[in-house]
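**Q** Take a look at the following structure, please.
Number of protein chains: 2
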Amino acid sequence: MPKESSATAEAPHGAERSRRTPSTPAPQLVAMLRDAIVSGHLVPNQRLVEADLSEEYNASRGNVRIALSELSVEGLVERVQNRGARVRAVSVQEAVEITEVRGAIEAMCASKAAKRAGPDEIRTLRSIAERMTHAVETGLLTEYSQCNKDLHSLIITMSGQRTAAETIKRLRGQAVRYQFRLSNHPGRPSVSLPQHLAIIEAVCSHDPDAASEAMSRHLESVAEAIRSSDA
Amino acid sequence: MPKESSATAEAPHGAERSRRTPSTPAPQLVAMLRDAIVSGHLVPNQRLVEADLSEEYNASRGNVRIALSELSVEGLVERVQNRGARVRAVSVQEAVEITEVRGAIEAMCASKAAKRAGPDEIRTLRSIAERMTHAVETGLLTEYSQCNKDLHSLIITMSGQRTAAETIKRLRGQAVRYQFRLSNHPGRPSVSLPQHLAIIEAVCSHDPDAASEAMSRHLESVAEAIRSSDA
DNA sequence: GTCAACGTTATTGTTTACAATCCTGCAAAC
DNA sequence: GTTTGCAGGATTGTAAACAATAACGTTGAC
């Protein structure tokens, strides 16, 4: 691991001896660390030593400390008194719970989305349905995964429920590892595709109950898949 | 709106120790501030000046800073760059949203609780039903409010859904002001009592769908009450 | 009288230094 | 052989000093 990898921005007026440029503002650092965790760059249970992170991200230890505190509240890192912080490891059981809660909230969002769906949004939904179907037919896994994200995201946006959006975002962050693992599971798309299509159809038909039901079933299926993946 | 200066709420620890005791650990400080906010000692939009809080709670400014960061993530305080922190004011619209999300999650919990209900828990539920009914008959508002809390809390516990419990706890913290206002509204208990009894009955009958439905209706009613309270 | 430039003050953001705590390894005693 | 006590080092918790920023009031010009 390179310790001196940072750009050597030396002072123009030669005599200055200082080589350091240690300045990463706290909010930015929080975003960076969050990214590193959800992207898997920092793996579960990995120790997060303040001094090391400080060095790594060119930030003061105080800022690192604040960042770890915030991410701890977000549920991405785990802290114990005088023992430091580590990337929180989410158990299968917990991932299932998260999916269940998501299911409850997103079902409500789907219901609201069905009530409020406008022509433009319906058109977008239908296009997602087509893209998804095509992706499954041609076996484009990443395309399908992207559509999946787009669909869920769009429905939440359509619901106009900011609190729900915020809550789901946080929950997703914690379970992202399992989402990823699942989306790479062969055979999974062919199971979830009809569920997605049912959700889209219900929302486009302005049928709140059917939309809620379809979303609920879909995430129950996801939870079941996580349970049986175990690993 | 007067630009009231910093907090002058008395420190929670009643016994005033020696003036020179500049040490309140960070986790404890977080708990204290959270308490002060949800209990209403610190009112919405009140400025939270770091130096003042530091003095008030005998904590270093660094710790105050960490506490404010964490509470900001929890949604209890609002921060803007270089402009400081203040107690976050939750709008009526937002309180309704929170109640809706709670409804979705708690309905799921009620469903699970109905599936898992054991004899002891059923007995406790029935006793709550009696206490509630009695409280309404004799007009004991605070007793009814306590039963309300106990009921919701018990059902969440019964569901065994830790993630749901955690999520709801956070949401409740943000909207607690409205809960309080509502519980003091005369006539409200006579509306919510039958709803509560219906929930209890469904859970005790091991009827998940009915329990979910009853809980959902109940919180929809709460949301409606918040909407119309407006003020 | 209004408006704009400017300096002052209050408050936050950041860094550094210091103290407290915990883990590790080793040696001595039982 | 196991356990207990004790340095030594690593890491976190805390405090104070320093720098940067934005709000405020004042002065001066038009």
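Residue numbers (my numbering), protein chains in the order written: chain F, 1 to 231; chain G, 1 to 231. Cβ atoms here follow ideal geometry from the backbone N, Cα and C, with glycine treated the same way. This one's a predicted model, so the numbers in the text were calculated from it and none came from an experiment.
Buried or exposed for G/S190, going by 16 or more other Cβ atoms inside 10 Å?
**A** Exposed.
**Q** Whose C-alpha, out of F/R131, F/I156, F/T157, is nearest the C-alpha of F/S145?
**A** Here the closest residue by C-alpha is F/R131.
**Q** For F/S108, would you say it is in contact with chain G, using Cβ-to-Cβ distances shorter than 7 Å as the test?
**A** Strictly speaking, residue 108 of chain F in this sequence is Met, with Ser absent from that position. Chain G contact via Cβ: present.
**Q** With DSSP as the reference, identify every bridge partner of G/R227, one or two as the case may be.
**A** Looking at the DSSP assignment, G/R227 forms no beta bridge with any residue, so it has no partner.
**Q** In angstroms with no decimal places, state the Cα-to-Cα distance between F/T163 and G/A117.
**A** Each residue's Cα considered, the two are about 30 Å apart.
**Q** Run through DSSP, which three-state label would G/E220 get?
**A** The answer is helix: DSSP assigns G/E220 an H, G or I state.
**Q** Strictly below 8 Å CB to CB, what residues from chain F border G/I105?
**A** Within chain F, the residues near G/I105 are V101, A104, I105.
**Q** With DSSP collapsed to three states, give me the class of G/V77.
**A** DSSP places G/V77 in strand when its eight states are reduced to three.
**Q** If I measure Cβ to Cβ from F/D150 and keep anything under 8 Å in the same chain, skipping five residues before and after, which residues do I get?
**A** So the qualifying residues of the chain are I128.
**Q** When you compare only the Cα positions, how much space is there between G/T167 and F/A113?
**A** Their backbone Cα atoms lie some 23 Å apart in a straight line.
**Q** Where G/V30 and G/R86 are concerned, what is the direct C-alpha to C-alpha distance, given to the nearest angstrom?
**A** Going from the Cα of G/V30 to the Cα of G/R86 covers about 15 Å.
**Q** Is it right to say G/R123 is buried, meaning 16 or more other beta carbons lie within 10 angstroms of its own, or is it exposed?
**A** With fewer than 16 other Cβ atoms within 10 Å, it is exposed.
**Q** Helix or strand or just coil, what does DSSP make of F/K3?
**A** Residue confidence for F/K3 is low, a pLDDT of 32 falling below 50, so the modelled location carries little weight and cannot support an answer.
**Q** If contact is defined by three or more beta carbon pairs under 8 Å, each pair taking one atom from either stretch, is the segment 103-113 of chain G in contact with the segment 196-216 of chain G?
**A** Short answer: they touch.
**Q** Verify the CB distance criterion: does F/T157 have a CB-CB separation below 7 Å to chain G?
**A** False, the Cβ-Cβ gap to chain G never drops below 7 Å.
**Q** Taking only three categories from DSSP, how would you classify G/T21?
**A** The predicted position of G/T21 is uncertain, since its pLDDT is 48 and thus under 50; a value taken from the coordinates is nonetheless stated next. DSSP places G/T21 in coil when its eight states are reduced to three.
**Q** What residues in the segment 67-85 of chain G have a beta carbon less than 7 Å from any beta carbon of chain F?
**A** If the cut-off is 7 Å between Cβ atoms, the segment 67-85 of chain G has S69, E70, V73, E74 near chain F.
**Q** Residues of chain F with CB closer than 9 Å to the CB of G/R88, please, in chain order.
**A** Result: empty, since nearest Cβ-Cβ is about 13 Å, beyond 9 Å.
**Q** Given a limit of 7 Å on CB to CB distance, which residues of the segment 140-167 of chain F reach chain G?
**A** So the close ones are Q161, R162, T163, A164, T167.
**Q** Which residues in chain G sit within 8 Å of F/G62, going by Cβ to Cβ distance?
**A** Here the neighbours are G62.
**Q** Considering Cα atoms alone, identify which of G/C204, G/I226, G/E56 is closest to G/D120.
**A** Checked all of G/C204, G/I226, G/E56; the closest Cα to G/D120 is G/C204.
**Q** Anything in chain G within Cβ reach of F/R65, meaning under 8 Å, just list it in chain order.
**A** I66, listed in chain order.
**Q** Contact defined as beta carbons within less than 8 Å: I believe F/V77 pairs with F/L48. What is the distance between those atoms, to the nearest angstrom?
**A** Right, their Cβ atoms sit about 6 Å apart.
**Q** Against chain G, with Cβ distances strictly below 7 Å, would F/I122 count as a contact?
**A** So, not an interface residue.
**Q** Under 7 Å between C-beta atoms, does F/E50 make it to chain G?
**A** So, not an interface residue.
**Q** So for G/G118, helix, strand or coil by DSSP?
**A** The answer is coil: DSSP assigns G/G118 none of H, G, I, E or B.
**Q** Would you tell me roughly how many angstroms separate the C-alpha atoms of F/G84 and F/L68, rounded to the nearest one?
**A** When rounded, the distance between both Cα atoms is 10 Å.
**Q** Within 10 angstroms of its Cβ, does F/V73 collect 16 or more other Cβ (buried), or is it exposed?
**A** Buried: at least 16 other Cβ atoms inside 10 Å.
**Q** Our contact map puts G/L53 next to G/V64 with C-beta atoms below 8 Å; I'd like the distance itself, whole angstroms only.
**A** Confirmed, Cβ separation roughly 5 Å.
**Q** Could you pull the DSSP bridge partners for F/K29 from this structure?
**A** The identity of residue 29 of chain F in the sequence shown is Leu, whereas the question assumes Lys. DSSP output for F/L29 lists no bridge partner at all.
**Q** Please report whether the beta-carbon of F/I98 lies at a distance below 7 Å from any beta-carbon of chain G.
**A** Taking Cβ atoms only, chain G reaches closer than 7 Å to F/I98, which makes this a yes.
**Q** Starting from F/A84, trace the beta strand (DSSP E) in both directions and tell me its first and last residue.
**A** As written in the sequence, residue 84 of chain F is Gly, which differs from the Ala given in the question. Residues 84-87.
**Q** Can you name the start and end residues of the alpha helix (DSSP H) that G/H196 belongs to?
**A** It spans 188-204 - the alpha helix (DSSP H) in which G/H196 sits, taken as one unbroken run.
**Q** Are F/E50 and F/R34 touching if we call contact CB-CB under 7 Å?
**A** For F/E50 and F/R34, no; Cβs fall outside 7 Å.
**Q** Out of G/G75, G/P44, G/V136, G/N45, which has the shortest C-alpha to C-alpha gap to G/P186?
**A** The shortest C-alpha separation from G/P186 is found at G/V136.
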